[in-house]
Amino acid sequence: LENIDDDAETAGIPIVKLEDKELAKTVGVFALPAVVFFRNFGEEAVIYTGDLKREESILEWLMVQKDPSNDAIEELEGDELRKSVGSSDAVAVFIYSHEECENCLETLTELENIDDDAETAGIPIVKLEDKELAKTVGVFALPAVVFFRNFGEEAVIYTGDLKREESILEWLMVQKDPSNDAIEELEGDELRKSVGSSDAVAVFIYSHEECENCLETLTELENIDDD
178 LENIDDDAET
188 AGIPIVKLED
198 KELAKTVGVF
208 ALPAVVFFRN
218 FGEEAVIYTG
228 DLKREESILE
238 WLMVQKDPSN
248 DAIEELEGDE
258 LRKSVGSSDA
268 VAVFIYSHEE
278 CENCLETLTE
288 LENIDDDAET
298 AGIPIVKLED
308 KELAKTVGVF
318 ALPAVVFFRN
328 FGEEAVIYTG
338 DLKREESILE
348 WLMVQKDPSN
358 DAIEELEGDE
368 LRKSVGSSDA
378 VAVFIYSHEE
388 CENCLETLTE
398 LENIDDD
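Each residue of the sequence shown is one higher than the last, beginning at 178 in our numbering.
Put into structure tokens, the structure is as follows:
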């Protein structure tokens with residue numbers, strides 16, 4: 178829980194701890210340890226029934242409890258994954274390990290933030306914990322995001338910054354439709370040169386860290402960029 182405390186806090190879910198067996202019983206907890214999610218100002222208490230040793234599963238569960246519309250990224254294994262990839266023209270797969278991966282949880286949180294937008298664009302995101310399968314597509318370092326297209330015939334590995342959700346989403350959209358170029362990012366002198374040499378330029382100013390609606394707005398702009 179210490180490993181996911183900051184991510185949960187960012188999602189608006191503070192985590193606290195308590196040693197009180199009698200109070201635990203009042204919410205239906207009779208075996209310790211336990212994680213309980215309280216919502217509606219304490220009116221409802223929901224007990225986590227998953228694996229308490231898997232921090233990313235706990236974090237996903239907490240986020241879904243806070244916002245039930247925020248479905249967690251589905252985990253697939255072996256034949257399930259092959260069936261999903263083989264029956265779709267575009268699937269993004271997050272390959273991770275919950276034991277030996279320093280940045281896996283942080284990347285999963287980033288992907289959860291873009292999951293709905295990717296789904297809307299026709300790119301389902303699933304997750305997989307399988308080092309052997311990862312090696313077959315050229316992944317030797319975790320975590321990784323791999324885009325499968327043409328019903329699994331092609332696998333493309335994302336090589337950008339896994340901590341920037343908007344960059345991952347842009348990349349996924351370009352992989353699905355290469356004609357859909359991502360909006361170019363400019364800085365300092367490059368931006369001044371572009372503005373100074375053109376009669377008309379639209380600039381989207383954003384932050385990838387502290388901006389609730391930036392990703393949603395960027396997606397909308399990607400949709401009109403070609404027009």
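Beta carbons are placed, not taken as given, at the ideal position from N, Cα and C, and that holds for glycine. Fair warning: this is a prediction, and the values are worked out from it, not measured in the lab.
Could you check where the alpha helix (DSSP H) with Ala295 kicks off and where it finishes? Cys281 to Thr297
Starting from the Cα of Glu397, find the closest Cα among Ala298, Pro210, Glu179 and Glu362 and give me that residue. Ala298
Close beta carbons around Tyr383, own chain, < 7 Å, minus the five adjacent residues each side: Cys391 and Leu395
By how many angstroms is the C-alpha of Asp228 removed from the C-alpha of Gly408? The structure shown does not extend to residue 408, since the chain is modelled only from 178 to 404, so the question has no answer here.
Minimum C-alpha distance to Ile256 - residue among Ile250, Pro245 and Leu305: According to the sequence provided, residue 256 is Asp. The question's Ile does not apply to it. Of the listed residues, the one whose Cα sits closest to Asp256 is Leu305.
Hey, is the segment 311-330 in contact with the segment 271-290, meaning 3+ C-beta pairs nearer than 8 Å? yes
What are the boundary residues of the alpha helix (DSSP H) that Ile235 is part of? Glu232 to Lys243
Excluding five sequence neighbours on each side, which residues of the same chain lie with their C-beta closer than 7 Å to the C-beta of Ser344? Gly337 and Asp338
Return the CA-CA distance between Ala185 and Glu233, expressed in angstroms with no decimal places. Near 11 Å, if we compare the C-alpha coordinates of Glu233 and Ala185.
Ile250 to Lys198 span [Cα, whole Å]: 34 Å
Using a Cβ-Cβ cut-off of 7 Å (strictly less than) and excluding sequence neighbours within five positions of Gln352, which residues of its own chain qualify? Phe324, Arg326 and Val333
Out of Ala201, Leu285 and Thr203, state which residue places its alpha-carbon closest to the alpha-carbon of Arg231. Leu285
Confirm, please, whether the CB-CB distance from Lys194 to Phe214 is below 9 Å. no
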